[in-house]
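The structure appears right after this line, and notes come after that.
Residue numbers (the numbering used here): 17 to 223.
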């Protein structure tokens, strides 16, 4: 976050004199309280300053990286997830390849006969299966999928930053967004690297 010259001046004053009231800051800068109000609100919302009634403003002494992390943790998966693309575990690898390319996605989620998450299919899984002389019309996807419990998932209430970290750690392109039902998981969405990039670009533009 790039601060204006006046915002930098405000931070310097608060660092040196805090806790200090908004009126005192305004007097020091020879400005009106109304003129400073947007700057003080922005610095407080961004985490640079904290304000306490009858005490005034004081510097939080937080690292900028910590403030950025706190800010990003406010954005939840539920607000950026997209519709999942699923296949049944007895569908063929041939059909799964067709669905993946028609939908232009990198991950398919596999459901069992009860509609519960059973596994995940990646482009790599389908590419490996298509090599050789195998008849892809006779191979069900449950033979080649990555099975539970070796899957990484997230919930709608997880932060977007947490989902992004999981994708990087596991080196996957997307995660199933799930609803936990006792001992099973129901796929209700997907979050991908593309979703995350679009979201963070949008957040920066809004700022």
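For every residue, glycine included, the Cβ atom is placed at its ideal position computed from N, Cα and C.
Only residues of its own chain outside the window of five on either side were considered, and among them 92, 93 and 94 have a CB closer than 8 Å to the CB of residue 173, listed in chain order. Counting along the chain, no beta strand (DSSP E) covers residue 30; the unbroken alpha helix (DSSP H) around it starts and ends at 21-33. A distance below 6 Å between beta-carbons, with the five flanking residues on each side excluded, links residue 60 to the following residues of its chain, in chain order: 67. Burial is judged here by how many other beta carbons sit within 10 angstroms of a residue's own beta carbon; residue 217 has fewer than 16 and is exposed. The beta carbon of residue 34 sits closer than 8 Å to the beta carbons of 72, 73, 74 and 75 from its chain, once the five residues preceding and following it are set aside; these are given in chain order. Shown here, residue 91 sits in coil according to DSSP, grouped into three states, outside any helix or strand.
Rounded to the nearest angstrom, the gap between the Cα atoms of residue 32 and residue 69 is 20 Å. For the options 205, 111 and 57, the alpha carbon positioned closest to that of residue 142 is the one of 111.
Beta-bridge pairing by DSSP links residue 172 to no other residue. Residue pairing of residue 208 in beta bridges, as defined by DSSP: 190. Restricted to the segment 100-136, the beta strand (DSSP E) segments that are unbroken, complete and at least 3 residues in length are 102-104 and 123-127, listed in chain order. A direct Cα-to-Cα measurement between residue 213 and residue 190 gives close to 12 Å.
Fewer than three pairs of CB atoms, one per stretch, sit closer than 8 Å, so the segment 121-132 makes no contact with the segment 173-185. With 16 or more other CB atoms across the displayed protein chains lying within 10 angstroms of its CB, residue 55 is buried.
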